[in-house]
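First comes the structure, then the notes that go with it.
There are 2 protein chains.
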Amino acid sequence: MHPFEYCNPTKIIFGEGQIKVAGEQLAAIGMTNVLLVYGKSSIKKNGVYDAVTASMQTANIQWSEWGGVSPNPLRSHTQAGIDLAREKKVNGIFAVGGGSVIDAAKAIALGVPTDEDFWNFYINPAQFTPSKALPVATVLTLPATGSEMNGGTVITDDVSREKHAVINPLLNPCFSILDPKTTVTVPPTYVAYSASDAISHTIESYLTRADGFLPVQDGYAEGVVKAIMKSTERILEDPFDMEARGSMMWAATLAWNFLGSSGVGPWTTPAHMLEHPMSGLYNVPHGAGLAITGPAWMSWESRRRTDRIAAFARNIMGIVEEDDATACKEGIEAFRAWLSKIGNPVSLRECNIQREQIHELARHSEILARAWGVGGEYTTRVITEILELGY
Amino acid sequence: MHPFEYCNPTKIIFGEGQIKVAGEQLAAIGMTNVLLVYGKSSIKKNGVYDAVTASMQTANIQWSEWGGVSPNPLRSHTQAGIDLAREKKVNGIFAVGGGSVIDAAKAIALGVPTDEDFWNFYINPAQFTPSKALPVATVLTLPATGSEMNGGTVITDDVSREKHAVINPLLNPCFSILDPKTTVTVPPTYVAYSASDAISHTIESYLTRADGFLPVQDGYAEGVVKAIMKSTERILEDPFDMEARGSMMWAATLAWNFLGSSGVGPWTTPAHMLEHPMSGLYNVPHGAGLAITGPAWMSWESRRRTDRIAAFARNIMGIVEEDDATACKEGIEAFRAWLSKIGNPVSLRECNIQREQIHELARHSEILARAWGVGGEYTTRVITEILELGY
Numbered sequence: 012m013h014p015f016e017y018c019n020p021t022k023i024i025f026g027e028g029q030i031k032v033a034g035e036q037l038a039a040i041g042m043t044n045v046l047l048v049y050g051k052s053s054i055k056k057n058g059v060y061d062a063v064t065a066s067m068q069t070a071n072i073q074w075s076e077w078g079g080v081s082p083n084p085l086r087s088h089t090q091a092g093i094d095l096a097r098e099k100k101v102n103g104i105f106a107v108g109g110g111s112v113i114d115a116a117k118a119i120a121l122g123v124p125t126d127e128d129f130w131n132f133y134i135n136p137a138q139f140t141p142s143k144a145l146p147v148a149t150v151l152t153l154p155a156t157g158s159e160m161n162g163g164t165v166i167t168d169d170v171s172r173e174k175h176a177v178i179n180p181l182l183n184p185c186f187s188i189l190d191p192k193t194t195v196t197v198p199p200t201y202v203a204y205s206a207s208d209a210i211s212h213t214i215e216s217y218l219t220r221a222d223g224f225l226p227v228q229d230g231y232a233e234g235v236v237k238a239i240m241k242s243t244e245r246i247l248e249d250p251f252d253m254e255a256r257g258s259m260m261w262a263a264t265l266a267w268n269f270l271g272s273s274g275v276g277p278w279t280t281p282a283h284m285l286e287h288p289m290s291g292l293y294n295v296p297h298g299a300g301l302a303i304t305g306p307a308w309m310s311w312e313s314r315r316r317t318d319r320i321a322a323f324a325r326n327i328m329g330i331v332e333e334d335d336a337t338a339c340k341e342g343i344e345a346f347r348a349w350l351s352k353i354g355n356p357v358s359l360r361e362c363n364i365q366r367e368q369i370h371e372l373a374r375h376s377e378i379l380a381r382a383w384g385v386g387g388e389y390t391t392r393v394i395t396e397i398l399e400l401g402y
Numbered sequence: 012m013h014p015f016e017y018c019n020p021t022k023i024i025f026g027e028g029q030i031k032v033a034g035e036q037l038a039a040i041g042m043t044n045v046l047l048v049y050g051k052s053s054i055k056k057n058g059v060y061d062a063v064t065a066s067m068q069t070a071n072i073q074w075s076e077w078g079g080v081s082p083n084p085l086r087s088h089t090q091a092g093i094d095l096a097r098e099k100k101v102n103g104i105f106a107v108g109g110g111s112v113i114d115a116a117k118a119i120a121l122g123v124p125t126d127e128d129f130w131n132f133y134i135n136p137a138q139f140t141p142s143k144a145l146p147v148a149t150v151l152t153l154p155a156t157g158s159e160m161n162g163g164t165v166i167t168d169d170v171s172r173e174k175h176a177v178i179n180p181l182l183n184p185c186f187s188i189l190d191p192k193t194t195v196t197v198p199p200t201y202v203a204y205s206a207s208d209a210i211s212h213t214i215e216s217y218l219t220r221a222d223g224f225l226p227v228q229d230g231y232a233e234g235v236v237k238a239i240m241k242s243t244e245r246i247l248e249d250p251f252d253m254e255a256r257g258s259m260m261w262a263a264t265l266a267w268n269f270l271g272s273s274g275v276g277p278w279t280t281p282a283h284m285l286e287h288p289m290s291g292l293y294n295v296p297h298g299a300g301l302a303i304t305g306p307a308w309m310s311w312e313s314r315r316r317t318d319r320i321a322a323f324a325r326n327i328m329g330i331v332e333e334d335d336a337t338a339c340k341e342g343i344e345a346f347r348a349w350l351s352k353i354g355n356p357v358s359l360r361e362c363n364i365q366r367e368q369i370h371e372l373a374r375h376s377e378i379l380a381r382a383w384g385v386g387g388e389y390t391t392r393v394i395t396e397i398l399e400l401g402y
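Same order as they appear, the protein sequences are chains A and B. To convert a position in the first sequence, counted from 1, into our numbering, add 11. To convert a position in the second sequence, counted from 1, into our numbering, add 11.
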């Protein structure tokens, strides 16, 4: 095992009907005047908005509203949220939604107490490191990104369409309410994208980790991925299967709270690096993009990390083939078939991205590769080669 | 899944050589004058004492020493530690040792700020609930109990020999340093006891959990137990295998930080309930006792929870038998054989406990059963029946 530090103080409040405690939980941590951040209209249609605001009223929490966060939340919308939060002198940010909403809330929390352009934290982390942030709390309505139990946030620039991330312990939510009932209206397509996203979070470190004896981390990842797969299949069979909705919600949270990857040594996130330009440039849903880049990258990588991809094939996809190279091939095919079966696109073509657009995607990925410290490994040429495997 | 709250703010600092940061970490959380709690002489022999005190000196941490904590730490010794901590006006308790030392440190942390006898928190939790405690930090030297990342403490009364527990979030350590090098001198017998203890922690909830679809929790438990088994086998082959020492350390911590059991609904700890009197009355090492009570209880329980014990047999012990009852039998036998192979006693006789002493053990377990809310299920008659299976 490799050295690590791990600290995750986010309180998880899990259970059907638990959104009703939102107000009292905000009050308990002194968030008395909050910016309520949410997305488009879904929380107003499914009753979540009403339940949360009723709970805040009962607990005498003041709030100002900042709706309209989009998937792949935008820098300009975030900046306007920061301005509103300052004007209203809020003492906390309360996100009610999925990963995009929570990421936007964290960006606002970062931006309020600084005189700098908050975007500096995203594009120039070497020079701009946050030293404070407003507290954030969340009600999760779409399990996928893990943002509810980590310190990460990803924002997209409106003009350049580049997506950048900040990961900082200041941004771990104080509490996150995981109420499976809030996810019952998530439609099948988004169930599929969520599964793809959460699986990708778990296997990035599993597949790219350093060599060595890591049975704790491997067992954790294998358990989480198999739980996501089982839960997703049950949800698609019966959208009202609350056991499966709950299980998916908890699995997706554990998939990206960085506990499972603690101690694996240096690891990278190639599937995410290859995907970000797809959602940034072409608004491909993030999980859908990962369903393309994940298997494509695994096909390319199986020449180098045959050991890890064969482990994935056998211990997660149930491949029994003894030859490693064949096991890799069968495992990747089985994974791609499963992602497709549940409703994901598994090729660029299915997202109406043409072969001639691959170069532009590769150019953007290569910028990320350099920013994420793997520029030497992932050149435009290599990235193009990988994306061709996903065409 | 069942409703739960989970919050675990303990910072884990893992890595070979990390004990050197103890002083600066104490300073960072304002623990400037601490009670250094440790056990018998082992940390003075293996260099841990020297390294920790050198680190405290460098960071200008004042300390007073309270050594001599025994396995199954005693109420009287704890009370004397409380008196010393008050006299020295410490602002934190720093435990350097295994689970017993950490448990004693937590008891002292509970006792210092109260006017009550600290023992009330242990024997009368309905009436006495702690509202404050001094902060606790730890350097772990024996992976087994999980006390380094949870809010639990178990103390034994000198006279009645009863063991009682407090579990309270106030007692989660602020930080715990997990330095695998500190465990390299743990002898094979204690490696065996530790494995038995950590496995028991993981499977108590796995085997007694409510019915239902719980793939996240099942996968977590299966991964942790298999990691403990693999690591233990490697340590016993080569005590200097640092990969295995590290893996065991992290697995044992994850085994009892209550993350894996979150959401499983009501569960019980029968193996621990049956074991406590063995260590309390006869000073049987806790893990050794669990190697007896665990399989004995599983044999008895397999008539009722055939489903769970068959799952254990197949998914952890690798039994391929299709018939559930036979799978249970084979799984329990394989588990007992493994515990014995690594060096645990697996019968009361091996601990020199005679058949006529079973009644006294049962009487004590039955007191615990009532205190832990399972008195109706575990009567003296039932407990005697189970212990006979472990004779």
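Think of the CB as a built atom: it goes at the ideal place given N, C-alpha and C, for glycine as much as any other residue.
Backbone secondary structure at residue i - three-state DSSP
i, result
"W278(A)", "coil"
"F269(A)", "coil"
"T152(A)", "coil"
"H88(B)", "helix"
"G386(A)", "coil"
"Q138(B)", "coil"
"G34(A)", "helix"
"C18(A)", "strand"
"G234(B)", "helix"
"G103(B)", "strand"
"E426(B)", "With chain B running from 12 to 402 in the structure shown, residue 426(B) is simply not present."
Contact with chain B by residue i, beta-carbon distance below 9 angstroms
i, result
"V227(A)", "yes"
"Y201(A)", "no"
"N135(A)", "no"
"A206(A)", "no"
"F25(A)", "yes"
"S242(A)", "yes"
"G157(A)", "no"
"F346(A)", "no"
"A299(A)", "no"
"A221(A)", "no"
Separation of residue j from residue i, as counted between CA atoms
i, j, result
"T413(A)", "D114(A)", "Because chain A is modelled from 12 through 402, residue 413(A) falls outside the range shown and cannot be assessed."
"N83(A)", "M42(A)", "27 angstroms"
"S272(A)", "Q228(A)", "6 angstroms"
"I364(B)", "P288(B)", "12 angstroms"
"G329(B)", "E254(B)", "24 angstroms"
"P184(A)", "G291(B)", "42 angstroms"
"F323(A)", "S313(A)", "11 angstroms"
"C339(B)", "R86(B)", "40 angstroms"
"V235(B)", "I72(A)", "42 angstroms"
"T193(B)", "L153(B)", "8 angstroms"
"Y17(B)", "P198(B)", "35 angstroms"
"E333(A)", "N326(A)", "13 angstroms"
"N135(B)", "V123(B)", "18 angstroms"
Within-9 angstroms CB hit, residue i to chain A
i, result
"H410(B)", "With chain B running from 12 to 402 in the structure shown, residue 410(B) is simply not present."
"V235(B)", "yes"
"F129(B)", "no"
"Y425(B)", "What is shown of chain B runs 12 to 402, which leaves residue 425(B) out entirely."
"R245(B)", "yes"
"F186(B)", "yes"
"G230(B)", "yes"
"P447(B)", "Not covered by the structure: residue 447(B). The range shown for chain B is 12 to 402."
"P191(B)", "yes"
Identify each residue in the stretch 93 to 106 of chain A for which the Cβ-Cβ distance to at least one residue of chain B is less than 7 angstroms, and report them in chain order. Hits within the stretch: zero.
Taking a cut of 9 angstroms between CB atoms, which residues from the stretch 17 to 42 of chain B lie near chain A? Going along the stretch 17 to 42 of chain B in chain order, one finds Y17, C18, N19, P20, T21, K22, I23, I24, F25, G26, E27, G28 and Q29 with a Cβ nearer than 9 angstroms to chain A.
Members of the stretch 252 to 272 of chain A that neighbour chain B once the beta carbon cut-off is set at 7 angstroms: Correct list: E254, A255, G257, S258, W261, A262 and L265.
Identify each residue in the stretch 311 to 344 of chain B for which the Cβ-Cβ distance to at least one residue of chain A is less than 7 angstroms, and report them in chain order. Flagged: no residues at all.
Three-pair Cβ contact test at 8 angstroms for the stretch 47 to 60 of chain B versus the stretch 139 to 146 of chain B: Not touching, per the Cβ criterion.
Tell me, please, whether the stretch 385 to 393 of chain A touches the stretch 341 to 348 of chain A by the rule of three or more beta-carbon pairs shorter than 8 angstroms. Between the stretch 385 to 393 of chain A and the stretch 341 to 348 of chain A there are fewer than three inter-stretch CB-CB distances shorter than 8 angstroms, so the stretches are not counted as touching.
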